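The structure under discussion appears below in the form of structure tokens.
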Amino acid sequence: MDCCICLEPMSGRPPNVVVATCCGNTYHRKCLNHSLQHKLSCPLCRREIPKTKEQSLAYIRTHAKNNKPWALCLTGLYYLNGWAGLQKSKYLAEAFLERGISLGHPDHFMIADAKCELAGLLRFHDITEERKRRASILMHEAAAAGVAQAKEILDRNYMEISRDGTETPIF
Ligand SMILES: [Zn+2]
Ligand SMILES: [Zn+2]
4 MDCCICLEPM SGRPPNVVVA TCCGNTYHRK CLNHSLQHKL SCPLCRREIP KTKEQSLAYI
64 RTHAKNNKPW ALCLTGLYYL NGWAGLQKSK YLAEAFLERG ISLGHPDHFM IADAKCELAG
124 LLRFHDITEE RKRRASILMH EAAAAGVAQA KEILDRNYME ISRDGTETPI F
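Numbered according to our numbering, the sequence shown spans residues 4 to 174.
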């Protein structure tokens, strides 16, 4: 999972924060910002960078309809965060992330990052033992794929304490 501009690995940790264009390509923020100073288009597909999140969402939606994994994952993030005026929905966020992950390539940074987001949803919403287990697997996969946020969450080793005082790792 290297940045297509500098060919260095992406992890998401500052100063190598990763950003996605609405066409689903991921870059280091610093590399993309540098590139955008010359031309306001995606360095890979040459598509013009939309001016607003609403324009981005419209573009993403056309690709989500065609089951493009990156577009499904991005749609999930839009619902999770309530971007572009969307009403926040954990259910829709989860459904889109699930579908994007199931269709996407595990080495794609956006798919790995989506696993980290989905793990959070599974672990803290509508909790069941099965969802807890799945969340843990997804978080470890995301960390193994190099997602810094997932690594940090695992490093912090959050514990859940039950009534009888036993502690179990959250992820
Ligand atoms: Zn780069
Ligand atoms: Zn592009």
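Quick reminder that beta carbons are idealized off the backbone N, C-alpha and C, glycines included.
Note that the coordinates shown come from a computational prediction; the quantities given were computed from them, not determined experimentally.
Closest by C-alpha distance to S105, when choosing among I8, L121, I52: L121
Reduced DSSP secondary structure (H/G/I, E/B, other) of I63: helix
8 Å Cβ cutoff, G103 in contact with chain C: The structure shown has no chain C; it contains just one protein chain.
Spatial distance of L60 from G168 (CA atoms): 46 Å
Cβ-based burial, E155 [other Cβ within 10 Å; buried from 16]: exposed
Continuous beta strand (DSSP E) stretch holding H31: start and end: 29 to 31
Outcome for C48 when other beta-carbon atoms lying within 10 angstroms are tallied against a minimum of 16: exposed
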